[in-house]
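Undergrad: Take this structure, written in structure tokens, and hold onto it; I'll ask about it next.
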Amino acid sequence: MPLSDRDRALLAFEAEWTRHAGAKEEAIRAELELTPARYYQLLGRLIDTADALAHDPMLVKRLRRVRDTRDRARLARVTAAGS
Numbered sequence: 151m152p153l154s155d156r157d158r159a160l161l162a163f164e165a166e167w168t169r170h171a172g173a174k175e176e177a178i179r180a181e182l183e184l185t186p187a188r189y190y191q192l193l194g195r196l197i198d199t200a201d202a203l204a205h206d207p208m209l210v211k212r213l214r215r216v217r218d219t220r221d222r223a224r225l226a227r228v229t230a231a232g233s
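Going by my numbering, the letters in the sequence shown line up with residues 151 to 233, in that order.
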């Protein structure tokens, strides 16, 4: 399924959000008219698609790496706490 305009907007925002003044959460609300929670939910699903990977492979691979690193760290903390 090809990327929608919103999908492309999410990827573009994530690629260049540091150029925006202020906090990222404020920029998400102002520019995308989404809550930060919804933004991250949509972005998380989006980066798992082949179309997003084809659209911006470097960004999507970086976001996947960051997510996977966070997931591994979270799992390690949970495992350590359960020991």
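Even glycine gets a Cβ: it sits at the ideal position worked out from N, Cα and C.
Rounded to a whole number of angstroms, what is the C-alpha to C-alpha distance between PRO207 and SER233?
TA: Near 39 angstroms, if we compare the C-alpha coordinates of SER233 and PRO207.
Undergrad: Counting along the chain, where does the alpha helix (DSSP H) carrying MET151 start and finish?
TA: Element bounds for MET151: n/a, residue is neither H nor E.
Undergrad: Counting beta carbon pairs with one atom in the segment 198 to 217 and one in the segment 167 to 178, are three or more of them shorter than 8 angstroms?
TA: No: fewer than three Cβ pairs fall under 8 angstroms.
Undergrad: Quick one: is ALA202 buried, meaning 16 or more other Cβ sit within 10 Å of its Cβ, or exposed?
TA: It counts as buried.
Undergrad: Let's see if you can read the secondary structure: which residues bound the alpha helix (DSSP H) around THR168?
TA: Careful: THR168 lies outside any alpha helix (DSSP H) and carries neither H nor E.
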